[in-house]
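Chemist:
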Amino acid sequence: MTHMDGFADERIAGYKVWRLRLPVVSRREHGIGAVDNAVEILLLELASTSGLKGYGEASPWSVFTGSAEASQAALERYMRPVVEGRRVADIAAICADAARAVAHCTEAKAALESALLDLAGRLAGVPVWALLGGKCRDEIALSVSLADPDFDADLRLLERLRDDGVGIVKMKAGFRDHRFDISRLERLRRDWPELDVRVDFNQGLTPGDAMQRVRDVAGFAPTFIEQPVTADQFSLMARIRETIGVPLLA
């Protein structure tokens, strides 16, 4: 008997979508664009025939993965018809049908999967990890991004992070000149040697600059370097990977 057997007859009787605009406390710079003023997200609520509810969130970014408008249309127009009335236990089949119903819109599809798992866990009376094969660890370390164009503000944030026991930071790079990135890494290694530092360019480097700039960053031995160039630069990514001793993520 599986956890799903306990609610085999439960169906999705309610489907609601909210589009929310959330204020951004401080401007965040990334290699491919900035996050400022506010962000828009979508919340999906699924209700079972017995009245329990599960929730999922879509957090798109227009310059990177997609727009809030696209996620909203995917959830309300294209995915709703393949979800309503289905058995909650048929998570994989529902997600497969939703994937075929509309191209791209990965955030909306993630929101649907999250809401289905949340609802299934509530119906079964178990945490979602129990539906996914079991718990692998008791704690997950928190990573915080350093992306404020005012580095002094990020330094103040680091003090709070230290007090809160956060030991992982991802430094956003490539949105200003190279010296700015290097000076921040120098400061982090000097004043916070205990930090687990990762560097993310968010596809912000040009092919001509990428090789040398990534090599310079690799000299600070970050845990990994992420997305130095655009997603279609496969051969350049391979060449960069051959020249550095740091894991390269894309």
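Taking my numbering, the leading residue of the sequence shown gets 115, the next gets one more, and so forth. From the three backbone atoms N, C-alpha and C, an ideal C-beta is built for every residue, glycine too.
1) Using DSSP with H/G/I as helix, E/B as strand and the rest coil, what is D252?
2) Tell me which residue opens and which closes the beta strand (DSSP E) that W243 is part of.
3) Could you check the C-alpha separation between R270 and F294 for me, to the nearest Å?
4) Could you tell me whether the Cβ atoms of V197 and I126 are closer together than 9 Å?
5) Opposite I126 in the DSSP bridges: which residues?
6) Mark I339 as exposed unless 16 or more other C-beta atoms lie within 10 angstroms of its C-beta, in which case mark it buried.
7) Can you give me the start and stop residues for the alpha helix (DSSP H) that E308 sits inside?
8) Please look up how many angstroms separate the CB atoms of A318 and F289, rounded, as I've assumed it's under 8 Å.
9) R353: beta carbon under 8 Å from a heavy atom of the ligand ATP?
10) Compute the distance between the beta-carbons of S185 and E221, then report whether it is under 9 Å.
11) Expressed to the nearest angstrom, what Euclidean distance is found between the alpha-carbon atoms of S257 and A287?
12) Exposed or buried, which one is A336 when buried takes at least 16 other CB atoms within 10 Å?
13) Determine the contact status of L299 and V280, defining contact as a CB-CB distance below 9 Å.
14) Taking V343 as the reference, give the member of D330, G333, E356 and L363 with the closest Cα.
15) Looking at the structure shown, is H283 part of a helix, part of a strand, or coil, going by DSSP?
16) Hey, how far is the Cα of Y169 from the Cα of R200?
17) What whole-angstrom Cβ distance do A225 and A172 have, given they're in contact under 8 Å?
18) Rounded to whole angstroms, what is the Cα-Cα separation between A229 and F121?
19) Verify whether the separation of the beta carbon atoms of K167 and L156 is less than 9 Å.
20) By DSSP's criteria, A184 is part of a beta bridge. Which residues make up the other side?
21) With distances taken Cα to Cα, identify the nearest neighbour of A255 among K284, F315 and E273.
22) Would you kindly work out how many angstroms separate the C-alpha atoms of D291 and Q341, rounded to a whole number?
23) For a quick check, are the C-beta atoms of M193 and V177 less than 9 Å apart?
24) Using 10 angstroms around the beta-carbon of M115, count the other beta-carbons present and answer buried if the total reaches 16, otherwise exposed.
25) Could you say which of L309, E253, R327 and V139 lies nearest to D277 if we only look at CA atoms?
26) Does DSSP put I358 in a helix, a strand or coil?
27) Candidates A244, R133, R251 and A182: which alpha carbon is nearest C219's?
Modeler: Taking the structure as given:
1) Along the sequence shown, one-based indexing puts residue 252 at 138. Three-state result, D252: coil.
2) Residue 243 sits at position 129 when you count from the first residue of the sequence shown. Judged by DSSP secondary structure, W243 falls outside any beta strand (DSSP E) and instead within the alpha helix (DSSP H) spanning V242 to L245.
3) Taking the first residue of the sequence shown as 1, we reach residue 270 at position 156. Taking the first residue of the sequence shown as 1, we reach residue 294 at position 180. Whole-angstrom Cα-Cα distance: 17 Å.
4) Walking along the sequence shown from the start, residue 197 turns up at place 83. Walking along the sequence shown from the start, residue 126 turns up at place 12. Yes. Within cutoff.
5) By one-based count along the sequence shown, residue 126 stands at place 12. BP columns for I126 point to S162.
6) Here residue 339 refers to the residue found at position 225 of the sequence shown. Answer is buried; the Cβ neighbour count reaches 16.
7) For the purposes of this step, residue 308 is identified with residue 194 of the sequence shown, where counting begins at 1. From DSSP, E308 is part of no alpha helix (DSSP H); its letter is neither H nor E.
8) Along the sequence shown, read from residue 1 onward, the residue named residue 318 stands at position 204. Along the sequence shown, read from residue 1 onward, the residue named residue 289 stands at position 175. Reading off the sequence shown, one finds Gly at residue 318, where the question assumed Ala. With a Cβ gap of about 6 Å, G318 and F289 count as contacting.
9) Looking for the ligand ATP in the displayed structure turns up nothing, as the structure carries no ligands at all.
10) Counting from 1 along the sequence shown, the entry for residue 185 is found at position 71. Counting from 1 along the sequence shown, the entry for residue 221 is found at position 107. Between S185 and E221, the CB-CB gap stays under 9 Å.
11) On the sequence shown, residue 257 is found 143 positions in, with the first residue counted as 1. On the sequence shown, residue 287 is found 173 positions in, with the first residue counted as 1. The alpha-carbon atoms of S257 and A287 are separated by roughly 16 Å.
12) In the sequence shown, the residue the question calls residue 336 occupies position 222. Reading off the sequence shown, one finds Pro at residue 336, where the question assumed Ala. Residue environment: P336 is assigned as buried (16 or more neighbouring CB atoms within 10 Å of its CB, all protein chains considered).
13) As a working note, residue 299 is residue 185 in the sequence shown. As a working note, residue 280 is residue 166 in the sequence shown. The answer is no: Cβ separation not under 9 Å.
14) Within the sequence shown, residue 343 is the residue found at index 229, counting from 1. Of D330, G333, E356 and L363, the residue nearest in Cα terms is L363.
15) Walking along the sequence shown from the start, residue 283 turns up at place 169. In the sequence as displayed, the identity of residue 283 is Val instead of His. Three-state result, V283: strand.
16) Walking along the sequence shown from the start, residue 169 turns up at place 55. Walking along the sequence shown from the start, residue 200 turns up at place 86. Whole-angstrom Cα-Cα distance: 16 Å.
17) In the sequence shown, counting from the first residue as 1, residue 225 sits at position 111. In the sequence shown, counting from the first residue as 1, residue 172 sits at position 58. The Cβ separation is near 4 Å, so the contact holds.
18) As a working mapping, residue 229 is identified with position 115 in the sequence shown. As a working mapping, residue 121 is identified with position 7 in the sequence shown. Going from the Cα of A229 to the Cα of F121 covers about 16 Å.
19) Reading the sequence shown from its first residue, position 53 is the one you call residue 167. Reading the sequence shown from its first residue, position 42 is the one you call residue 156. Contact: no.
20) One-based indexing of the sequence shown puts residue 184 at position 70. A184 pairs with nothing; no bridge assigned.
21) Sequence index remark: in the sequence shown, residue 255 carries index 141 (1-based). The shortest C-alpha separation from A255 is found at K284.
22) Here the question's residue 291 lines up with position 177 in the sequence shown. Here the question's residue 341 lines up with position 227 in the sequence shown. Answer to the nearest angstrom: the Cα atoms are 17 Å apart.
23) For the purposes of this step, residue 193 is identified with residue 79 of the sequence shown, where counting begins at 1. For the purposes of this step, residue 177 is identified with residue 63 of the sequence shown, where counting begins at 1. No.
24) Within the sequence shown, the letter at position 1 stands for residue 115. Low local confidence applies: a pLDDT of 47 at M115 is under 50, so the model's placement there is unreliable, with the coordinate-based value given in what follows. With fewer than 16 other Cβ atoms within 10 Å, it is exposed.
25) Taking the sequence shown and counting its residues from 1, one reaches residue 277 at position 163. Nearest option by C-alpha distance: L309.
26) By 1-based counting over the sequence shown, the position of residue 358 is 244. The answer is coil: DSSP assigns I358 none of H, G, I, E or B.
27) The count along the sequence shown starts at 1 and reaches residue 219 at position 105. For the residues A244, R133, R251 and A182, the minimum Cα distance to C219 belongs to A182.
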